[in-house]
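Since the structure comes first, as structure tokens, the remarks are kept for the end.
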Amino acid sequence: MTAVDDARTLLTRMTDAPLAGVWSAPGRANLIGEHTDYNEGFVFPFAIAQRTAAAVAVRSDDVIRVRSTFADDTVEVSLADLDARIAAGGLDWAGYPLGVAWALLREAPDAAPRGVDLALASEVPVGAGLSSSAAIEGAVASALNDVWNAGLDKVALARVGRIAENDAVGAPTGIMDQMASMLGVADAATFLDCRTLETRPVALGFAEAGLSILVIDTLVEHAHSTGGYRERREACERGAAAFDVPALRDVTVDDLPRAAEMLDDVTFRRVRHIVTENQRVLDTVAALDADGPSAIGDLLVASHASMRDDFEISVPELDLAVETTLGAGALGARMTGGGFGGAAIALIPTGLIPAATEAVRAAFAASGFRAPNIFTVTPSEGARRDA
Ligand code: GLA
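Read in order, the letters of the sequence shown correspond to residues 28 to 414 in my numbering.
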């Protein structure tokens, strides 16, 4: 059963009304470019095959009723009360779909909203740093855009997802995840300039090169609405303010000696991560274009070291996953996503996956860490209508 089938089945348990349609959007893995998005820099994520689906039926009143396969409760709110319910907060998982409805109405004033029953089902692991939240947002935004005749394009729908996440859920994230989920292309990663929102799909050619992306989900939980993520963001803003520029996008590797003189040690290292990471994204895209996927391994390794030592968002489980997969023959490996838990990715010859998986399991057991979830992800298509 796919998420699309599950969402459709769940909807039939909510209502007898006819199906208006099913829409789905994928999670994402970020190949490189971490915490650069809210610094208006560059990122290079790809959509994965695991998706979240939203099945919708239209109601005769103005109530939005949401239900999902990942929680027991059904949440309903009338369109008239939507502003107040979002402002009151405390919606838990329902904050994502309802936040998208709220953000869509804000971004598309000409939309024709109507009551809907909306059933959600997801294949994207929650808390793995693979953007289960962007997958919900992308599926719901795509669905309501069609059902409410809102007429937004994919970039505008990504923006709707980000507004939901920032202003309804309260996580101060950038726009990478929503753009990756909306715009994904099979066998490619999306090179995104987060200042202009210009994108370019870049062919990855992993399969032809005999390479795979292995995910090691450490099962260490993280939440970006609290704590470290917000602090990192604030440090970046301090760094940009010291340079008197709108964002760290405007600081280059050549500026780093000056940054070292101007900033305290911690802020300097936060800045150095962003500045060098932006350059690594550009270098990765250039290396892929020129020499193919086997040329990008060292850049992934350097990215991880920068996140571990300068940005300080890794955890021992992620470091161990990276070290162990590299020791087992991966060309490159790094944590992916916001950090403080979640998953690492390794670019690895496909034939080495069984031995690398064993090595990671053994290393985690020897360190007394919880057994990780290990699986591969495939660069896949972005948001779409399925039925
Ligand atoms: C999370 C956020 C993204 C991005 C990454 C770090 O996934 O949702 O916007 O900031 O962390 O690169």
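For glycine and all other residues, C-beta sits at the position ideal for the given N, C-alpha and C. Computed from a predicted structure; not experimentally measured.
- The count of Cβ pairs closer than 8 Å, one atom from the segment 374-383 and one from the segment 169-187, stays below three, leaving the stretches out of contact.
- Classified as exposed, serine 87 has fewer than 16 neighbouring CB atoms from the shown chains inside 10 Å of its CB.
- Between glycine 211 and alanine 56, the alpha-carbon positions lie close to 11 Å from each other.
- Taking C-beta atoms as the reference points, alanine 215 and leucine 231 count as a pair closer than 7 Å.
- Taking alanine 234 as reference, the option from Arg35, Ser407, Gly365 with the minimal CA-CA separation is Ser407.
- For methionine 203, the shortest C-beta to heavy atom distance toward the ligand GLA is below 6 Å.
- Using a cutoff of 6 Å, the CB of glutamate 61 counts as near the ligand GLA, since one of the ligand's heavy atoms is closer than that.
- Contact between the segment 216-223 and the segment 66-73 is present: three or more C-beta pairs spanning the two stretches fall below 8 Å.
- The Cβ-Cβ distance between glutamate 164 and glycine 188 falls below 7 Å.
- Secondary structure note for isoleucine 113: its alpha helix (DSSP H) is the uninterrupted segment 109-115.
- Look at the beta carbons and you see the segment 385-399 not touching the segment 277-295: under three pairs across the two are nearer than 8 Å.
- By alpha-carbon distance to glycine 178, the top candidate from Gln205, Ala146, Ala139, Met206 is Ala139.
- Contact holds between the segment 149-157 and the segment 74-83, because three or more Cβ pairs, one in each stretch, are under 8 Å apart.
- Within the DSSP secondary-structure output, valine 212 pairs in no beta bridge.
- Straight-line spacing of the CA atoms in valine 278 and arginine 227 works out to 23 Å.
- Within the same chain, Cβ atoms closer than 6 Å to the Cβ of isoleucine 190 are found at Ala130, the five residues on either side in sequence being excluded.
- A straight-line Cα-Cα distance of about 13 Å links arginine 259 and serine 341.
- DSSP, read as helix, strand or coil, puts aspartate 144 in strand.
- Closest option to alanine 107, judged by alpha-carbon separation, among Gly117, Leu353, Ala128, Tyr123: Ala128.
- Here serine 330 carries a helix assignment [DSSP, helix/strand/coil].
- At the C-beta level, tryptophan 50 and alanine 166 come within 7 Å of one another.
- Under DSSP, asparagine 400 forms a beta bridge with Asp244.
- Between proline 45 and serine 208, the C-beta gap is not smaller than 7 Å, which leaves the two residues out of contact.
- For secondary structure counted as the alpha helix (DSSP H) over 4 or more consecutive residues, the segment 69-130 holds these complete runs in sequence order: 109-115.
- If you ignore the 5 residues before and after glycine 324, its C-beta comes within less than 7 Å of the C-beta of Leu358, Gly359, Leu374, all in its own chain and listed in chain order.
- Closest in C-alpha terms to alanine 386, from the list Asp413, Ala355, Gly364, comes Ala355.
- Not one heavy atom of the ligand GLA is found less than 6 Å from the C-beta of aspartate 413.
- With a cutoff of 7 Å on beta-carbon distance, valine 308 and phenylalanine 73 are scored as not near each other.
- Taking 6 Å as the cut-off, one finds at least one heavy atom of the ligand GLA near enough to the beta carbon of threonine 200.
- When the Cα atoms are used, leucine 118 and alanine 98 turn out to be separated by approximately 12 Å.
- Distance from the C-beta of glycine 365 to the nearest heavy atom of the ligand GLA is below 6 Å.
- For the pair valine 143 and arginine 412, the Cα-to-Cα distance works out to about 17 Å.
- At least one heavy atom of the ligand GLA sits closer than 6 Å to the Cβ of aspartate 64.
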